[in-house]
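Notes follow the structure.
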Amino acid sequence: MVERTPTGIPGLDEMIGGGIPRGHTVLISGGPGTGKSTFAMQFLYNGAVKYNEPGVYISLEEKPEDFVKNFSKYGWDLSRVDIISIVPTKFVTSANLRKGRFTFKTEKGFREGEFSMDFLREMITDKVEKIKAKRVVLDSISALALHLENRFMLRQEILSTALLLGDLGATSMITTETPEGQIGLSRFGIEEFVSQGVIGLYNIKLGSKRVRGLEILKMRGTKHSQNICLMSMTDEGIAVYPKENLYSEKL
Numbered sequence: 039m040v041e042r043t044p045t046g047i048p049g050l051d052e053m054i055g056g057g058i059p060r061g062h063t064v065l066i067s068g069g070p071g072t073g074k075s076t077f078a079m080q081f082l083y084n085g086a087v088k089y090n091e092p093g094v095y096i097s098l099e100e101k102p103e104d105f106v107k108n109f110s111k112y113g114w115d116l117s118r119v120d121i122i123s124i125v126p127t128k129f130v131t132s133a134n135l136r137k138g139r140f141t142f143k144t145e146k147g148f149r150e151g152e153f154s155m156d157f158l159r160e161m162i163t164d165k166v167e168k169i170k171a172k173r174v175v176l177d178s179i180s181a182l183a184l185h186l187e188n189r190f191m192l193r194q195e196i197l198s199t200a201l202l203l204g205d206l207g208a209t210s211m212i213t214t215e216t217p218e219g220q221i222g223l224s225r226f227g228i229e230e231f232v233s234q235g236v237i238g239l240y241n242i243k244l245g246s247k248r249v250r251g252l253e254i255l256k257m258r259g260t261k262h263s264q265n266i267c268l269m270s271m272t273d274e275g276i277a278v279y280p281k282e283n284l285y286s287e288k289l
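Count along the sequence shown from 1, then add 38; that gives the number in the numbering used here.
Below is the structure:
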């Protein structure tokens, strides 16, 4: 019998047999504004609040105060989630520090230093082991391009990071942003292959309005819905409607 990690996102778990197979890594893919970060944080927050499963959120794009502010509209108490933020120094300290230096924000405060993937993986490992995390979110893989210009090295580092998440035994989500109009599930052409699951989020223009949708493109180890279903942003976060097909939405 497959051991599962319920996401707690309304409507989603029934599409994947009750939850994500425990220990798997799932890629959350979508264009700008499709709700990737909200989706991943909701998975993590639900784990802490509903299932007593500690979680770690690693942000490579936003300062902690920014995404705490962004998520406050849902009424989430993010003190229940351990957050690591790694952002360019110029966004949080003086702009005259040389290019390439970054600020690492953890529970111990700010630390200046050179960004490296080895350091990132060390931080993830230490935090997961310290709090015995059952859930991990890395938001986002796309941001790694800011740190690693060589595409071959970038793909190697993505692979190494995905393997680490698997070795840690936590159920993980990684987000990636696909440019609008791009064909494919990922920006770098490797994320979907190193993940056991892939969920696509959409914000599609149908007629005179835009409609949000969700599709489970891959979920190893379990049967899953083939429906491209409706999704909405509510006052409490994301909700999915498994029986409502995106393209049957009345315009």
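Ideal Cβ positions, reconstructed from N, Cα and C, are used throughout, including at glycine.
{"query": "With DSSP as the reference, identify every bridge partner of Asn188, one or two as the case may be.", "result": "Its beta-bridge partners do not exist; DSSP assigns none."}
{"query": "DSSP has Pro59 in a bridge; who is on the other side?", "result": "Arg42"}
{"query": "Span of the beta strand (DSSP E) holding Ile240?", "result": "Looking at the sequence shown, residue 240 is not Ile but Tyr. Element bounds for Tyr240: Gly235 to Leu244."}
{"query": "Apart from the five residues just before and just after Val119, which ones in its own chain have a Cβ nearer than 7 Å to its Cβ?", "result": "Leu82, Tyr83, Ala86, Gly93 and Tyr95"}
{"query": "Could you please give the first and the last residue of the uninterrupted beta strand (DSSP E) stretch that includes Gly251?", "result": "Lys247 to Met257"}
{"query": "To the nearest angstrom, how far is it from the Cα of Lys105 to the Cα of Leu202?", "result": "The residue asked about is misnamed: residue 105 is Phe in this sequence, not Lys. Each residue's Cα considered, the two are about 25 Å apart."}
{"query": "Could you give the DSSP three-state label for Pro102: helix, strand or coil?", "result": "helix"}
{"query": "So who's on the other strand from Thr272, going by DSSP bridges?", "result": "Gly275"}
{"query": "Apart from the five residues on each side of it in sequence, which residues of its chain come closer than 8 Å, Cβ to Cβ, to Gly66?", "result": "Looking at the sequence shown, residue 66 is not Gly but Ile. Counting only Cβ-Cβ distances below 8 Å, and skipping sequence neighbours, we find Lys74, Phe77, Ala78, Met211, Ile212, Thr213, Thr214, Ile237 and Leu239."}
{"query": "If you measure between the beta carbons of Tyr279 and Gly49, is that distance less than 7 Å?", "result": "yes"}
{"query": "At which residues does the beta strand (DSSP E) containing Glu215 begin and terminate?", "result": "Thr209 to Glu215"}
{"query": "Going by DSSP, which residues form a beta bridge with Leu65?", "result": "Ile212 and Val236"}
{"query": "When you compare only the Cα positions, how much space is there between Leu206 and Ile169?", "result": "12 Å"}
{"query": "Pop quiz: Thr63 and Ser233 are said to be a contact at Cβ under 8 Å. What is the actual Cβ separation, rounded to whole angstroms?", "result": "5 Å"}
{"query": "Would Lys88 and Gly46 qualify as a contact pair, given that the criterion is a beta-carbon distance under 7 Å?", "result": "yes"}
{"query": "Who are the Cβ neighbours of Gly259 in its own chain at under 8 Å, not counting the five residues just before and after it?", "result": "Val40, Pro59, His62 and Gln234"}
{"query": "What's the C-alpha gap between Ser263 and Lys281?", "result": "10 Å"}
{"query": "Just curious, the beta strand (DSSP E) that Val175 is in, first and last residue?", "result": "Arg173 to Asp177"}
{"query": "Taking the alpha-carbon positions, what's the Ile162 to Ile54 distance?", "result": "27 Å"}
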